[in-house]
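Residue numbers for the sequence shown follow full-length UniProt numbering, beginning at 1 and rising by one.
Have a look at the structure below, then the notes.
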Amino acid sequence: MKARVKWTEGRQFVAESGSGHSVVIDGPPDHGGRNTGPRPMEMLLMGMGSCTAFDILNILDKARANVTDCVAELDAERADEVPAVFTKIHVHFVVTGRALKEKQVARAVELSAEKYCSASIMLVNGGVEITHSFEIMEEART
1 MKARVKWTEG
11 RQFVAESGSG
21 HSVVIDGPPD
31 HGGRNTGPRP
41 MEMLLMGMGS
51 CTAFDILNIL
61 DKARANVTDC
71 VAELDAERAD
81 EVPAVFTKIH
91 VHFVVTGRAL
101 KEKQVARAVE
111 LSAEKYCSAS
121 IMLVNGGVEI
131 THSFEIMEEA
141 RT
């Protein structure tokens, strides 16, 4: 896996993934940025959230669960001193679908956390306390 991060101006960068996708990353004005994109640590948090949501959707698809939406809501705490690393992250999943089974969703969350999500497992191995919760929403029939 490769990526390229190019400084553009101030504290703004354009990051390009090895697969050819780009995103602007920037800092706040009080640190020389213009607030034109997410902060680097926000990108890390969003990457972890999408990694675990990706896993959950894959697991539930294999179980033939009828999922119509999946949202990962992340709440993170960082150390007060430099380096201001993540110390705690809580991920709350809102999984919407038809006739979803609580046991299946719970198992998908557990498998992602303990076996499949490279991003969250790497953070846990680095000392970050990560917790999970979920709720199931029944999609209204139309």
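For each residue, glycine too, the CB sits at the ideal point set by N, CA and C.
Checking the DSSP bridge columns, you'll see N125 has no partner listed. Going by beta carbons, E77 and K88 fall inside the 7 Å limit.
Exclusion of the five residues before and after I25 leaves V5, Q12, F13, V14, A15, G37, P38, R39, P40, M43 as the residues of its chain whose Cβ lies within less than 8 Å of its Cβ.
In the structure shown, H31 adopts helical secondary structure according to DSSP, grouped into three states. Spatial neighbours of R98 in its own chain (CB-CB distance under 6 Å, excluding positions within 5 residues in sequence) are listed in chain order as N66, E139. Residue state for V94 is assigned as strand, using DSSP reduced to three classes. S120 sits buried, since 16 or more C-beta atoms from the chains shown fall within 10 Å of its C-beta.
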